[in-house]
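Counting in the numbering used here, the sequence shown runs without a single skipped number right up to 625 at its last residue.
All C-beta atoms in this analysis are idealised placements derived from N, C-alpha and C, irrespective of residue type, glycine included.
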Amino acid sequence: MPFCAAEPGFEERQHHLLGEHDADHAASQREHIGVVVLDTLMGGVGVVGDRGADPPDLVGGDGGAGPRPAHDDPPLHPSGEHGLGDGGGVVGVVDGLGGVGAQVGDGVAGVRHEPRQVLLHLVPGVVAGDGDAHGGRVVARAVPLPGASSPSLRTIAAVDRLVVTGGARLRGEVAVLGAKNAVLKHLVATLLAPGSHQIENVPGILDVRLMCDVIGHIGASCRFDGSAVEVEVPDDLLPEAPIDLVRRMRASIIVLGALLARTGEARVALPGGDDFGSRPIDMHLDGLEAMGARFELVHGVLHASAPNGLEGADVYLEFPSVGATENLLLAGVLARGTTTIGNAAREPEIQDLAEFLSAMGARIRGAGTSTIEIDGVPSLTPARHRAVPDRLEAGTYLVGAAITGGEVTVRDCVPEHLRMELRKLGDAGCEYETGKDFVTLRGPDRPQPVDFATLPYPGFHTDMHPQMVALLSLADGTSVITENIYSARFRYVGELNRLGADVQLEGQHVIIRGVPTLSGCPVDACDIRAGAALVLAGLRSDGYTTVTDAQHIDRGYADFEGKLVSLGAEIVRETD
Ligand code: EPU
50 MPFCAAEPGF
60 EERQHHLLGE
70 HDADHAASQR
80 EHIGVVVLDT
90 LMGGVGVVGD
100 RGADPPDLVG
110 GDGGAGPRPA
120 HDDPPLHPSG
130 EHGLGDGGGV
140 VGVVDGLGGV
150 GAQVGDGVAG
160 VRHEPRQVLL
170 HLVPGVVAGD
180 GDAHGGRVVA
190 RAVPLPGASS
200 PSLRTIAAVD
210 RLVVTGGARL
220 RGEVAVLGAK
230 NAVLKHLVAT
240 LLAPGSHQIE
250 NVPGILDVRL
260 MCDVIGHIGA
270 SCRFDGSAVE
280 VEVPDDLLPE
290 APIDLVRRMR
300 ASIIVLGALL
310 ARTGEARVAL
320 PGGDDFGSRP
330 IDMHLDGLEA
340 MGARFELVHG
350 VLHASAPNGL
360 EGADVYLEFP
370 SVGATENLLL
380 AGVLARGTTT
390 IGNAAREPEI
400 QDLAEFLSAM
410 GARIRGAGTS
420 TIEIDGVPSL
430 TPARHRAVPD
440 RLEAGTYLVG
450 AAITGGEVTV
460 RDCVPEHLRM
470 ELRKLGDAGC
480 EYETGKDFVT
490 LRGPDRPQPV
500 DFATLPYPGF
510 HTDMHPQMVA
520 LLSLADGTSV
530 ITENIYSARF
540 RYVGELNRLG
550 ADVQLEGQHV
560 IIRGVPTLSG
570 CPVDACDIRA
580 GAALVLAGLR
590 SDGYTTVTDA
600 QHIDRGYADF
610 EGKLVSLGAE
620 IVRETD
């Protein structure tokens with residue numbers, strides 16, 4: 050779609066402002082304005098400030114007839130440190146779900162509407178500025194930056210797309226790094242002990258940067274050196290995670306237990322729903338309440354306190370929630386007395402978190418089983434830890450071998466952590482062998498149908514479900530998959546069907562009638578695993594498959610297309 054207006058040369062000076070927010074989620078956040086800028090390190094969105102105001106004059110109309118903002122607002126960004134410039138002007142309204150609107154005006158040379166975002170091309174001297182929710186819409190505007198001059202314009206990964214040419218069989222070796230879902234919790238665990246921590250085997254993914262922003266707001270600082278990160282934690286912490294951070298990093302809720310344990314208080318914005326459904330945190334709160342915490346919801350922010358400190362308690366979870374188990378573990382290590390978590394999640398990432406905490410001096414028994422016992426200690430000390438390998442990254446490349454009928458060895462992984470996924474890949478006709486830290490898998494010419502249900506570990510992982518559906522869409526027969534962890538993880542189904550798959554949704558079940566071939570077309574990566582699954586499907590599709598919104602993939606996979614290309618795939622990243 051052409052830009053609706055442009056001044057000469059604006060394409061060289063373009064900024065892209067991400068606006069993809071769930072409207073329900075957004076509606077709960079009206080009273081808060083966060084400042085977003087383009088993150089030069091990761092190509093994502095970073096938070097640099099907080100206005101705490103709700104200027105009504107920022108909302109433009111759909112299609113661009115709305116009012117202009119005032120231009121005498123104070124600067125929101127202290128300097129041009131992100132390579133952005135000065136100036137100011139309207140950038141309009143971005144609506145995450147329905148219609149989108151933005152207007153050409155002061156500072157905006159061109160506007161392009163995409164299905165889930167508006168791309169704004171700014172004139173020189175304008176920084177792509179605020180973004181926040183207003184009644185289900187996301188308001189964005191240019192922000193004046195005094196003192197900065199020529200903007201160094203770059204493209205945000207939010208509008209990246211991966212163009213996959215189908216046909217290659219993946220062959221070769223690929224190594225995986227540490228697990229995203231372990232490292233995110235390690236970063237939070239550092240808050241429990243002032244001093245300098247080292248975490249190794251850290252993947253260079255967007256979510257890790259976002260969690261560094263979260264703990265950075267609290268007072269910690271992260272320094273990256275290759276795949277290691279040093280986290281410096283001060284004595285005094287600011288015990289809060291505001292909405293603009295929580296919105297970008299739902300896992301931020303995990304700071305609750307650590308902050309309560311360390312400071313006796315926490316203010317954490319409620320994460321709301323997301324692409325997988327409502328995702329409540331009742332089990333987190335019930336468990337912490339049993340340990341003496343008190344909660345009050347104030348304007349969408351959970352105010353937690355434990356004025357007398359946390360006390361060990363017997364907590365039995367209704368469901369083995371990963372996040373609730375981790376929050377209670379983080380709270381229990383500094384609580385008085387013994388905490389027992391019954392029906393605890395048994396994920397390897399939880400065991401890994403317990404190992405890190407133990408290295409810090411915590412006393413934990415039973416992590417990795419369904420009963421975890423924690424004897425609280427008065428204080429912890431900084432530690433060094435190497436994160437457990439990412440079983441989901443490993444599993445995704447194995448499905449890549451399976452779907453292309455190729456042969457791939459995934460190194461630096463723990464095959465035991467993929468036991469159920471490997472069993473189902475075997476049932477689908479793959480041959481594999483495992484060693485201490487590798488899996489080699491050969492895919493069949495055409496997979497056999499397989500049925501399975503996602504379950505907490507050691508069951509089949511929900512985060513491998515979309516990739517497996519992509520594989521089974523090409524099976525010689527009909528498969529049925531039941532999703533038991535999330536109520537709404539099916540947005541990718543429509544995208545897969547655009548490629549020619551025959552996948553039908555029946556409540557929590559997916560009925561997959563295998564087809565012999567898929568046919569490439571543009572599809573949207575609606576979340577991390579859906580995006581990965583669509584890229585894998587593209588490898589086995591005729592022609593070109595363009596996966597838009599590739600930033601979702603970047604949240605969980607470091608150099609996803611680079612690793613696939615090293616295995617023989619043809620994938621090119623395109624950026625507007
Ligand atoms: N749930 C509740 N109440 C609670 C907690 C959870 O109803 O208090 C429900 C959730 O709504 C969900 C289910 O229980 O339907 C499972 O939630 P869980 O707490 O186990 O998951 P999580 O901690 O929110 C982590 C991973 C997810 C992964 C799940 C399940 C992180 C940062 N996220 O989420 O990873 O799918 O466990 O294994 O660790 C991903 O990496 O792509 C991803 C989504």
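When the Cα atoms are used, what is the spatial distance from T483 to M469?
-> Approximately 13 Å between the Cα atoms of the pair.
Is the CB-CB distance between G605 and T594 below 7 Å?
-> Their beta carbons are not under 7 Å apart, which means G605 does not touch T594 by this criterion.
Below 8 Å, can you find three or more Cβ-Cβ pairs linking the segment 388–398 to the segment 356–372?
-> These segments touch.
Alpha carbon to alpha carbon, what distance is there between E360 and G512?
-> At residue 512 the sequence reads Asp, which differs from the Gly that was named. Their Cα atoms are separated by approximately 34 Å.
Looking at C-beta atoms only, is the number of pairs between the segment 481–498 and the segment 420–436 that lie closer than 8 Å three or more?
-> In short, these stretches do not touch, since the Cβ pair count stays below three.
Give the secondary structure of Q400 by DSSP, where H, G and I count as helix, E and B as strand, and everything else as coil.
-> Three-state DSSP puts Q400 in a helix.
Could you tell me the distance, in whole angstroms, from the CA atom of F539 to the CA atom of Q600?
-> Using only the alpha carbons, I get a separation of about 19 Å.
Neighbourhood of D285 by C-beta, 8 Å cutoff - its chain only, sequence neighbours within 5 removed = Closer than 8 Å at Cβ, skipping near neighbours: G268.
Backbone CA spacing between L171 and V295 [nearest angstrom] | Reliability of the predicted coordinates at L171 is poor, the pLDDT of 49 falling under 50, and the value obtained from them is presented with this limitation in mind. Those two C-alpha atoms are separated by around 28 Å.
Check whether D424 and T387 have beta carbons under 7 Å apart = The Cβ-Cβ distance between D424 and T387 falls below 7 Å.
C-alpha gap between V457 and L471, whole angstroms | About 14 Å.
On the three-state DSSP scale, how would you describe A355?
-> Residue state, collapsed to three classes: coil.
Please confirm whether any heavy atom of the ligand EPU lies closer than 6 Å to the CB of S292.
-> Residue identity differs from the one stated: residue 292 is Ile in this sequence, not Ser. When distances are taken from the beta-carbon of I292 to the heavy atoms of the ligand EPU, even the shortest one reaches 6 Å or more.
Answer with buried or exposed for S270, where buried requires no fewer than 16 other C-beta atoms within 10 angstroms of its C-beta.
-> Counting C-beta atoms within 10 angstroms of its own C-beta, S270 has fewer than 16 neighbours from the protein chains shown and is therefore classed as exposed.
Any heavy atom of the ligand EPU closer than 6 Å to the CB of D401?
-> Checking every heavy atom of the ligand EPU against the Cβ of D401, none is found closer than 6 Å.
Please classify I264: does DSSP put it in a helix, a strand, or coil?
-> Helix at I264.
Going by alpha carbons, who is nearest to G556 out of E532, C575 and P571?
-> Residue E532 holds the alpha-carbon nearest to the alpha-carbon of G556 among E532, C575 and P571.
Compute the Euclidean distance between the alpha carbons of F52 and V278, then round it to the nearest angstrom.
-> Confidence at F52 is low in this model, with a pLDDT of 24, below 50, so its placement is unreliable and no value can be given for it.
C-alpha distance - A119 paired with E544, whole-angstrom precision | Because A119 carries a pLDDT of 30, less than 50, the predicted location of this residue cannot be relied on, and the following value inherits that uncertainty. If you take the alpha carbons of A119 and E544, they lie about 41 Å apart.
Hey, how far is the Cα of K229 from the Cα of P243?
-> If you draw a straight line from the Cα of K229 to the Cα of P243, it is about 23 Å long.
Q665, enclosing alpha helix (DSSP H) - first and last residue | The question about residue 665 has no answer, for the chain in this structure spans 50 to 625.
So which of V232, A550 and E314 has the shortest CA-CA distance to L337?
-> Of the candidates V232, A550 and E314, the one whose C-alpha sits nearest the C-alpha of L337 is E314.
Would you tell me roughly how many angstroms separate the C-alpha atoms of H246 and L240, rounded to the nearest one?
-> The C-alpha of L240 is placed about 10 Å away from the C-alpha of H246.
Report the rounded CA-to-CA distance for D608 versus I602, giving the unit in angstroms.
-> As the crow flies, the alpha-carbon of D608 is around 9 Å from that of I602.
Report the rounded CA-to-CA distance for Q516 versus G454, giving the unit in angstroms.
-> Taking the straight line joining both Cα atoms gives about 15 Å.
Would you mind reading off the limits of the alpha helix (DSSP H) that contains L337?
-> L337 -> alpha helix (DSSP H) spans D331 to A339.
To the nearest angstrom, report how far apart K473 and D486 are at their CA atoms.
-> Across the structure, K473 and D486 are spaced so that their CA atoms are roughly 20 Å apart.
Using three-state DSSP, classify Q553 as helix, strand or coil.
-> Strand.
Same chain, Cβ closer than 7 Å to S568, neighbours up to 5 away in sequence not counted = If we look at S568 and ignore the five residues flanking it on each side, its Cβ neighbours are L548, G549, S590, D591 and G592.
Between F405 and H235, is the Cβ-Cβ spacing less than 7 Å?
-> Closer than 7 Å, so yes.
Using DSSP with H/G/I as helix, E/B as strand and the rest coil, what is Q247?
-> Strand, per DSSP.
Among E398, G410 and P397, which has the Cα closest to the Cα of G381?
-> When C-alpha distances from G381 are compared across E398, G410 and P397, the shortest belongs to G410.
Per DSSP, the bridge partner or partners of C271 | Beta-bridge pairing by DSSP links C271 to V280.
Give every residue of the same chain whose Cβ lies closer than 8 Å to the Cβ of V426, excluding the five residues on either side of it in the sequence, and list them in chain order.
-> Answer for V426: V382, L383, G410, A411 and R412, listed in chain order.
Would you say T445 touches the ligand EPU, meaning its beta carbon is less than 6 Å from a heavy atom?
-> T445 Cβ: outside cutoff for every heavy atom of the ligand EPU.
Please classify T418: is it buried, with 16 or more other beta-carbons within 10 angstroms of its beta-carbon, or exposed?
-> Per the 10 Å Cβ criterion, exposed.
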